[in-house]
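*Asks:*
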Amino acid sequence: MRFSGWQILKEGLTGNHGWRPHWRDPAPKPEYDIVIIGGGGHGLSTAYYLAREHGLTNVAVLEKGYLGGGNVGRNTTIVRANYNLPGNSEFYSHSLKLWEGLSQDLNYNVMFSQRGVLNLFHSDGERDYAARRGNSMAIQGDDAVLLDREGVRRIVPYLDFDNPRYPIHGGLLHPRGGTARHDAVAWGLARGADARGVDLIQNCEVTGIDIDRGRVTGVQTVRGPIRAKKVGIVVAGRSGQVAAMAGLRLPVESHILQAFVSEGLKPVIHHVITSGVGHFYISQSDKGGLVFGGALDMYASYAQRGNLPGAEHVMEAAMHVMPMIGKARVLRSWGGIMDMTPDGSPIIDRTPVDGLYIDCGWNYGGFKATPASGFAFAHLLATDRPHASATRFRLDRFRTGRGIMDEEGAGAQHNLH
Amino acid sequence: MILAGKGRIDRSARLDFRFDGRALSGAPGDTLASALMANGVTLVGRSFKYHRPRGILTAGSEEPNALVTVGQGAHRAPNTRATVQELFDGLEAVSQNRWPSLRWDVLAVNDLAAPFFGAGFYYKTFMWPRRFWKAVYEPAIRRAAGLGALDGGHNPDRYERAFAFCDVLVIGGGPAGLMAALTAARGGADVILCDEAPEPGGRLRFETGEIDGMPGADWAAQVTAELRTMDNVRLMTRTAVTGAHDDGTYGALERVALHLRDPGAAPLECFWRIVARRAVLAAGALERPVAFAGNDRPGVMMAGALRAYVNHWGVAPGRRVAVFGNGDDVARTAHDLAAAGLEVVAAIDSRPDAARGGDWAHHPGSVVCGTAGGRDGLEAVTIRKPGGETIRLACDALAMTGGWNPSVHLACHLGGRPQWDAARAAFVPRPGMVPGMDAVGAAAGDFSTAACLAGGIAAGNAALSALGRAAQAIDAPAAEDAPYAIAPLWSVPGKGRAWLDFQNDVTVKDVLLAAQENYASVEHMKRYTTQGMATDQG
Amino acid sequence: MRLPCPLCGSRDHREFTYQGAAVMLDRPAPDAGAEAWDSYVHLRDNPAGATRELWYHGAGCGAWLVVARDTVTHAVFGAELARQVRR
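In order, the protein sequences belong to chains A, B and C. The letter at position 329 of the first sequence is residue 329 when you use our numbering, and the numbering goes up by one with no holes. The letter at position 15 of the second sequence is residue 15 when you use our numbering, and the numbering goes up by one with no holes. The letter at position 3 of the third sequence is residue 3 when you use our numbering, and the numbering goes up by one with no holes.
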């Protein structure tokens, strides 16, 4: 069924009885060409692009919980292409282009909203870096506007420009950046993959990866064994555990990142605003909630919840940057599990096991990569060659030292990015 | 309206306030909600999506409808619960999510288009032509978003943070919490008792039952007075425990001066980080609405809330009241209303074997299947009798009760899941969900006053023994010990829209549509319909 | 979360700085080769469950601790001074 305003009108007039399931609940088949472990955003995206770009539909996505229950269901919905280093730049640029047509492509409105991402800077050093980054973005073909203090004040007058510790010197505006309705992205991709014949299997936890003489042959699941010619691991937040089923150790440490949403408020924040003050960032959803967050909790965790110091740190940063927020109430907070790599950049690559591929290490930036990650991983699974947008996301770059993409220059420690 | 001579607050003193510019008056001890009810105001807000007219539904922090903006300029606080905000002289409140006025709201037209605005409709449209999303559709959606508004100016008010440490943190000061705190304190433990209300007592402040031969509210005041004299007890009123974190760390927000006209040097609020060796969750329970057609009309209220307005504040939304539910609270409510001089139009109990509770029209095995009235309130309800026959009864208000849900929220903060209790038709906490915390009283599904008192003593003693202190031999005071008798009643079948989530405008139809489209996992259901995602968490 | 510092007692974790898995104590020999160094610097078991980590008590006594902890439940099993773990 194609979605449209006419369809809504027709169904509304006839009692809304005609709406069909957006995806099936198929029983797993004994064998697939490709099994994707993980039905989060990147796994669903991989399945969608395998079918759409490569015509591969004898594919199963195995999800231990519900579709879209990974970090695609627990993020702060920001989409941007404002990276500084080769490797990341072209990848996120490609992703932004996919975002710009995603609703029409999926026939599912993911509410991609290009209201602009504004990175504030609070010192001369930060201004220099913003200018460098803006130049990199322009060279990549994306958009960047360096604003001085008054330029920022014109578009976001409610910030605290004269905070003694973090005065606002200006900002780097990325007009094509914005937000999307995160659950809709997962559901739209799921519906698109299902419609093309991919089996999306929920409540199907993978318990083992079958390997015969260095080659993957299938997976063990709570719903029985499934044979597969190729297996892709796309399980951000559990990458280490699933990779360990194949005897692999990864350059990944799992950390918790908290996020918060306020009660619904009339529109007051148009852009996505970020600041170096505690990595604070904020936007306002189309429903009215202020969606915001900050730094990691700074210890290894799989708990999907944070602790009080992390939360208080974010609130402090919010009050520094935007003192009006003190009159809003927090409605919910949650925690997502981040695959933190030593350079803060992701991995899309083959593994030492033949037929086993991995897409992981998205740190805290996986949501905006959802279409391009699936696109590139599908390309790798289908052709055994990395896609042109993702040639540098190699698993062995830390061992060899070649192609490390440390955007923040923080050094090889998992929790510093 | 005011019920002369009823209630426990003194209405001889007068506080002036304004609602939407209209000058009104209340009394010390009123909440904004009880004061509005005293003045006969029934329309207090508009819902999020359909801009339906809404009245006061509850008497506590769970309120979904009566959200207002209090204060002016950069001091103004949006989405303030009128049911929590204490009245002070000069209070200024305005209604939200309406234009140009609460009575005449242009976007109420959304309600007429409801067949096209079902769950998730926006995912299926607004895609063509592509540039219209940014230029036309999304700006229109964003303009309609949200309830109250921030001022935009820097928040000029003062706030504070503080640390506290204790042996036993008691969360909630109803009968269970008071007894737990008293037991632990008599055993020598350092105790902090937090209660979100201005005075401890919980439901005892609102009900008519007796403890040890005195009104429950008087008993609570007596225990509170004893606790106040003890050096090892810190009584924190107007303080909501907001989070349970690892290793006995709790967050709590104290409303220090939000009830005052002029806070002076005091902060408005204080955020406490409390580290406790043991905790007792005595947070009580929240009453469930019943989903029936038109259940969101102003004048339809929770039964427990209506008892609170009548018994404690001495006010009522109207003279003629019907009561509808699925348990013994139907008769209890009818009794209290009749005792306050109100006319009980009907006691409608879905249980075929429900006993007649008093001298009023008794409708066992019956349900309310419709309501009628205007934006200012209820005029009539339609009752469906066991044989299918329907009758229409004129009334000004309807009290509804679908049973009680234990307030298990804090117990779930570390990721533990509560368990379903079929007899109580509710989720109750499992032991050990938060290490060091015991749930007790209504929060644990023990709803009788006697069970709450005994449970509180046991929890206090359990905390003492965990701390290596001697248990206290305390006799439970005498109180009602009625069994909790209900029959599950989740929704009343029939035509018309029946609300599940009042603020976000989620109806039974939306949930059925979501299931039809295979958003059947509870997480999919929640996220697709937005059920349970409003300020009252559904 | 609270950590039991052997010198200071139970303290809120905001007094401490997390410094990664305790495998950092097992530094390979300088000539151990690229694989050993890659493993030491980059690769992690990253367990969902019991783990051992280094924490620095910067806002307290300044000691380096080895903390035994569960990454799923956040239960803390104990802490030792790192200098006593690695002599």
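Glycine included, each C-beta is placed from N, C-alpha and C at the ideal position.
1) Counting only beta-carbon separations shorter than 8 Å, does A/N109 have a partner in chain C?
2) Thinking just about the alpha-carbon of each residue, which of A/M340, A/D384, A/N58, A/G232 is nearest to the one in A/M245?
3) List the DSSP bridge partners of A/D210.
4) For a contact defined as C-beta to C-beta under 7 Å, what are the partners of B/H524 on chain A?
5) Against chain A, which members of the segment 14 to 27 of chain C pass a CB distance test of less than 8 Å?
6) Does the count of Cβ pairs from the segment 250 to 257 of chain A and the segment 291 to 308 of chain A closer than 8 Å reach three?
7) Taking 8 Å as the limit between beta carbons, can you name the residues of its chain near A/G170, skipping five residues before and five after?
8) How many angstroms separate the CA atom of B/R277 from the CA atom of B/A240?
9) Helix, strand or coil, according to DSSP, for B/G327 in the structure here?
10) Taking 8 Å as the threshold (C-beta atoms), are A/T341 and A/V252 in contact?
11) Would you say C/E80 reaches chain A, if we count a Cβ-Cβ gap shorter than 8 Å as a contact?
12) Measuring alpha carbon to alpha carbon, tell me which of A/R329, A/P267, A/L189, A/S239 ends up nearest A/L395.
13) Using only alpha-carbon positions, find the residue among B/S12, B/D536, B/S34, B/R22 that is nearest to B/L286.
14) Please return the same chain residues whose Cβ sits closer than 8 Å to the Cβ of B/A13, not counting the five positions on each side in sequence.
15) Hey, is A/G141's beta-carbon within less than 8 Å of any beta-carbon in chain B?
16) Compute the Euclidean distance between the alpha carbons of A/T46 and C/A21, then round it to the nearest angstrom.
17) Do you know how far the Cα of B/F117 is from the Cα of B/N39?
18) Kindly say whether B/H312, judged by its beta-carbon, lies nearer than 8 Å to any beta-carbon of chain A.
19) According to the neighbour-count rule (16 or more other Cβ atoms, all chains shown, within 10 Å of its Cβ), is B/D133 buried or exposed?
20) What residue from B/G327, B/V323, B/V522, B/P431 has the CA that sits closest to B/A380's CA?
21) Starting from the C-beta of A/K368, find all residues in its chain whose C-beta is less than 7 Å away, skip the five residues before and the five after it, and write them out in chain order.
22) Spatial neighbours of B/L57 within its chain, please: CB distance less than 8 Å, with the 5 preceding and 5 following residues excluded, ordered by chain position.
23) Residues of chain C with a CB under 8 Å from the CB of A/V315: which are they?
24) Given a cut-off of 8 Å on the beta-carbon distance, is the pair B/P115 and A/N16 in contact?
25) Do A/A228 and A/V219 come within 8 Å of each other at the CB atom, strictly closer than that value?
26) Under a Cβ-count criterion, where at least 16 other Cβ atoms within 10 Å of its own Cβ denotes burial, should A/E205 be classed as buried or exposed?
27) Can you pull the chain C residues whose beta carbon is under 7 Å from the beta carbon of A/R176, in chain order?
28) I'd like to confirm the pairing. Which residues does DSSP put opposite B/V550 in its beta bridges?
29) Looking only at its chain, what residues have a beta carbon closer than 8 Å to the beta carbon of A/G289, apart from the 5 residues adjacent to it on each side?
30) Using only alpha-carbon positions, find the residue among B/G201, B/G209, B/T530 that is nearest to B/Q222.
31) Flag C/R44 as yes if its beta-carbon sits less than 8 Å from any beta-carbon of chain A, otherwise no.
32) Cβ of A/L331 less than 8 Å from any chain B Cβ?
33) How would you write the range of the alpha helix (DSSP H) that A/L356 sits in, first residue to last?
34) Taking contact to mean at least 3 C-beta pairs separated by less than 8 Å, is the segment 48 to 63 of chain C in contact with the segment 4 to 23 of chain C?
35) Distance check for B/E523 and A/G411, CA to CA, integer angstroms please.
36) Within 8 Å of any Cβ in chain B, is that where the Cβ of A/S275 sits?
*Replies:* In short, the structure shows the following:
1) no
2) A/G232
3) A/G218
4) Y66
5) R14, T17, Y18, G20, A21
6) yes
7) L120, F121, R127, A130, L146, L147, D148, R149, G151, V152
8) 19 Å
9) strand
10) yes
11) no
12) A/S239
13) B/D536
14) A27, P28
15) no
16) 32 Å
17) 35 Å
18) no
19) A quick correction: the sequence has Trp, not Asp, at residue 133 of chain B. Per the 10 Å Cβ criterion, buried.
20) B/V323
21) I78, V79, R80, Y92, S95
22) E63, P64, N65, A66, P289, V300, M301, M302, A305, F502
23) The residue you asked about is not Val; residue 315 of chain A is Met in the sequence shown. Near A/M315 there are no residues of chain C at all, since even the closest Cβ is about 14 Å away, more than 8 Å.
24) yes
25) yes
26) exposed
27) Residues of chain C passing the Cβ test: none, with the nearest at roughly 34 Å.
28) In the structure displayed, chain B extends from 1 to 538; residue 550 of chain B sits before or after that span and is not available.
29) V261, S262, E263, G264, L265, L331
30) B/G201
31) yes
32) yes
33) Per DSSP, A/L356 belongs to no alpha helix (DSSP H); it is in the beta strand (DSSP E), 356 to 360.
34) yes
35) 38 Å
36) no
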